[in-house]
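Just so we're aligned, residue 4 is where the sequence shown starts under the working numbering, counting upward by one.
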Amino acid sequence: MSSFTLAGQYGSRRLVSRVRSLERIQIMLSAIRANVEYKAPPVQNLMETLCAREDLSILRFLPACRELCLRGMPFPAAWRKALDNRNVTAPLKPEDIGLLKSFGESLGTTDLNGLIGNCRLHQALFNDNLDAARQADAKYGKLFPVMGFLTGLAAVIIAV
4 MSSFTLAGQY GSRRLVSRVR SLERIQIMLS AIRANVEYKA PPVQNLMETL CAREDLSILR
64 FLPACRELCL RGMPFPAAWR KALDNRNVTA PLKPEDIGLL KSFGESLGTT DLNGLIGNCR
124 LHQALFNDNL DAARQADAKY GKLFPVMGFL TGLAAVIIAV
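Next up, the structure:
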């Protein structure tokens with residue numbers, strides 16, 4: 004019975020984790036936009052700045068990408084490879100990862116205005132995903148643990 008309850012709690016935690024991750028992605032996009040507007044740093048310096056921020060530490064794909072870049076992989080390939088690793092993108096849905104990949108394709112490859120526009124576009128797109136994730140958390144976050152418990156209780160009754 005406890006395994007069903009734990010499964011329900013796990014489902015609830017995944018919803019909360021996705022909301023937190025999407026909130027941090029919004030912060031990351033704002034930080035990138037601000038850095039690009041005022042400093043225009045190379046992509047490697049930008050990655051170092053992002054990885055050094057404690058508020059972005061739950062975005063584990065950032066240090067994974069930085070590490071791949073340090074090993075000599077070009078940024079766009081490192082970004083894609085880091086995002087393909089489900090160990091570092093676990094709470095995100097495939098559509099979130101697709102948006103991140105789309106964003107990374109232009110990072111360091113467009114002019115300043117194009118990059119700022121891309122940041123704004125992806126902030127709006129991620130805002131839609133964040134709103135949907137918050138709604139899912141509000142709707143199902145408390146339901147999952149209860150469903151897990153009731154499923155476990157039903158399994159015990161059937162087994163007895």
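The beta-carbon is built from N, C-alpha and C at its ideal position, and this holds for glycine as well.
None of these values were measured; they are calculated from a predicted model.
Beta-carbon proximity of residue 133 to residue 59, cut-off 7 Å: no
Rounded Cβ spacing between residue 64 and residue 39 (contact assumed at less than 8 Å): With 8 Å as the limit, residue 64 and residue 39 do not qualify as a contact, their Cβ atoms being about 19 Å apart.
Nearest to residue 119 (by Cα), restricted to the options 35, 20, 19 and 30: 35
Neighbour-count burial assignment, residue 46, 16 or more Cβ in a 10 Å radius: buried
As assigned by DSSP and simplified to three states, the class of residue 112: coil
Range of the contiguous alpha helix (DSSP H) that encloses residue 50: 46-55
Whole-Å CB distance - residue 55 paired with residue 71, under 8 Å assumed: The Cβ separation is near 17 Å, so there is no contact.
The alpha helix (DSSP H) enclosing residue 69, as first and last residue numbers: 64-73
Which of helix, strand or coil DSSP assigns to residue 19: helix
8 Å Cβ shell around residue 105 - same chain, five flanking residues per side excluded: 125
Check whether residue 94 and residue 21 have beta carbons under 7 Å apart: yes
Per-residue burial, residue 115 [other beta carbons within 10 Å of its own, 16 or more giving buried]: exposed
Beta-carbon separation (whole angstroms), residue 69 vs residue 51, contact threshold 8 Å: 7 Å
Buried or exposed (CB count within 10 angstroms, at least 16 for buried), residue 157: Residue placement at residue 157 is flagged as unreliable, the pLDDT there being 47, under the threshold of 50; the coordinate-derived value follows with that caveat. When all chains shown are included, residue 157 counts as exposed.
For residue 138 and residue 76, the rounded distance between their alpha carbons: 38 Å
Pick from 110, 99 and 101 that is closest to residue 44, judged by C-alpha positions: 110
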